[in-house]
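Some notes on the structure that comes next.
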Amino acid sequence: MSDILAEGAPPQAGEVLLTLDNSVAVVLLNLLVGLLDDASTDLPVGLDHPADLGALWSLKSALEQAVGLPLADDYDLLLAQARTQLLARLEAKD
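Each residue of the sequence shown is one higher than the last, beginning at 2 in this note's numbering.
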(Lines of atoms letter the chains of each structure in order from A and count residues from 1; the text may use other names and numbers.)
(Lines give C-alpha, C1' and ligand atoms only; values in the text may rest on other atoms or scores of the structure.)
Protein backbone atom coordinates (compact mmCIF):
# COMPACT_ATOMS: atom_id res chain seq x y z
CA MET A 1 0.00 0.00 0.00
CA SER A 2 1.12 3.58 -0.66
CA ASP A 3 0.44 6.26 1.89
CA ILE A 4 0.44 9.85 0.76
CA LEU A 5 1.73 10.77 4.22
CA ALA A 6 4.71 9.13 5.87
CA GLU A 7 3.88 5.58 6.94
CA GLY A 8 2.63 5.40 10.49
CA ALA A 9 2.36 9.17 10.88
CA PRO A 10 -1.10 10.32 11.92
CA PRO A 11 -2.58 13.05 9.75
CA GLN A 12 -2.01 16.57 11.02
CA ALA A 13 -4.94 18.92 11.53
CA GLY A 14 -6.40 19.77 8.14
CA GLU A 15 -4.70 16.83 6.37
CA VAL A 16 -6.29 13.70 4.93
CA LEU A 17 -4.65 10.29 5.02
CA LEU A 18 -5.12 8.48 1.72
CA THR A 19 -4.11 4.85 1.32
CA LEU A 20 -3.90 3.39 -2.18
CA ASP A 21 -2.76 0.09 -3.57
CA ASN A 22 0.66 0.57 -5.15
CA SER A 23 -0.61 -0.28 -8.65
CA VAL A 24 -3.37 2.33 -8.35
CA ALA A 25 -0.84 4.92 -7.17
CA VAL A 26 1.54 4.19 -10.06
CA VAL A 27 -1.21 4.36 -12.71
CA LEU A 28 -2.68 7.52 -11.17
CA LEU A 29 0.75 9.16 -11.00
CA ASN A 30 1.38 8.36 -14.67
CA LEU A 31 -2.01 9.83 -15.58
CA LEU A 32 -1.28 13.03 -13.67
CA VAL A 33 2.21 13.34 -15.16
CA GLY A 34 0.74 13.04 -18.65
CA LEU A 35 -2.03 15.48 -17.86
CA LEU A 36 0.02 18.13 -16.09
CA ASP A 37 3.52 17.90 -17.55
CA ASP A 38 2.64 17.81 -21.26
CA ALA A 39 2.20 21.43 -22.33
CA SER A 40 0.53 20.33 -25.57
CA THR A 41 -2.28 18.56 -23.69
CA ASP A 42 -5.42 20.59 -23.11
CA LEU A 43 -6.86 20.11 -19.66
CA PRO A 44 -10.38 18.68 -19.47
CA VAL A 45 -13.24 21.14 -19.14
CA GLY A 46 -13.75 22.06 -15.51
CA LEU A 47 -10.07 22.00 -14.55
CA ASP A 48 -9.31 25.57 -15.45
CA HIS A 49 -9.52 27.11 -11.96
CA PRO A 50 -6.13 27.67 -10.30
CA ALA A 51 -7.29 25.83 -7.15
CA ASP A 52 -8.28 22.76 -9.20
CA LEU A 53 -4.89 22.67 -10.86
CA GLY A 54 -3.16 23.30 -7.55
CA ALA A 55 -4.93 20.31 -6.03
CA LEU A 56 -3.82 18.09 -8.92
CA TRP A 57 -0.23 19.32 -8.67
CA SER A 58 -0.26 18.64 -4.92
CA LEU A 59 -1.58 15.11 -5.48
CA LYS A 60 1.02 14.49 -8.17
CA SER A 61 3.81 15.67 -5.88
CA ALA A 62 2.60 13.50 -3.00
CA LEU A 63 2.34 10.46 -5.28
CA GLU A 64 5.86 11.07 -6.62
CA GLN A 65 7.20 11.08 -3.07
CA ALA A 66 5.23 8.00 -2.04
CA VAL A 67 5.82 5.92 -5.18
CA GLY A 68 9.25 7.16 -6.24
CA LEU A 69 9.05 5.72 -9.76
CA PRO A 70 9.30 8.53 -12.32
CA LEU A 71 13.10 8.43 -12.22
CA ALA A 72 13.37 4.64 -12.13
CA ASP A 73 15.32 3.08 -15.01
CA ASP A 74 12.62 0.44 -15.45
CA TYR A 75 9.68 2.86 -15.18
CA ASP A 76 7.94 1.61 -18.34
CA LEU A 77 8.08 -1.98 -17.11
CA LEU A 78 6.84 -1.01 -13.63
CA LEU A 79 3.97 0.98 -15.15
CA ALA A 80 2.98 -1.93 -17.41
CA GLN A 81 3.00 -4.29 -14.42
CA ALA A 82 0.92 -1.87 -12.35
CA ARG A 83 -1.65 -1.54 -15.15
CA THR A 84 -1.85 -5.32 -15.52
CA GLN A 85 -2.30 -5.81 -11.76
CA LEU A 86 -4.96 -3.13 -11.55
CA LEU A 87 -6.94 -4.54 -14.48
CA ALA A 88 -6.73 -8.05 -13.04
CA ARG A 89 -8.16 -6.85 -9.73
CA LEU A 90 -10.94 -4.91 -11.46
CA GLU A 91 -11.87 -7.89 -13.62
CA ALA A 92 -11.89 -10.18 -10.58
CA LYS A 93 -14.49 -7.93 -8.93
CA ASP A 94 -16.97 -8.43 -11.80
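The C-beta atom is built at its ideal place from N, Cα and C for all residues, glycine as well. Since the model is a prediction, treat every value here as computed from it, not as a measurement.
- How would you label Ser24, buried or exposed, when you count the other beta carbons within 10 angstroms and need 16 or more for buried? In the sequence shown, counting from the first residue as 1, residue 24 sits at position 23. Answer is buried; the Cβ neighbour count reaches 16.
- Spatial neighbours of Leu80 in its chain, beta-carbon cut-off 8 Å, leaving aside the 5 residues before and after: Looking up residue 80 in the sequence shown gives position 79. These residues qualify, in order along the chain: Val27, Val28, Asn31 and Leu70.
- Quick one: grab the DSSP three-state call for Ala14. Numbered from 1 along the sequence shown, position 13 holds the residue referred to as residue 14. In the structure shown, Ala14 sits in coil (DSSP, three-state: anything other than H, G, I, E or B).
- Near Leu87, what residues of its chain come up, given a Cβ to Cβ distance below 7 Å and the 5 sequence neighbours on each side ignored? Taking the first residue of the sequence shown as position 1, residue 87 is located at position 86. If we look at Leu87 and ignore the five residues flanking it on each side, its Cβ neighbours are Ser24, Val25 and Val28.
- Can you give me the Cβ contacts of Leu57 inside the same chain, cut-off strictly under 8 Å, excluding the 5 residues immediately before and after it? Within the sequence shown, residue 57 is the residue found at index 56, counting from 1. Leu33, Leu36, Leu37 and Leu48, listed in sequence order.
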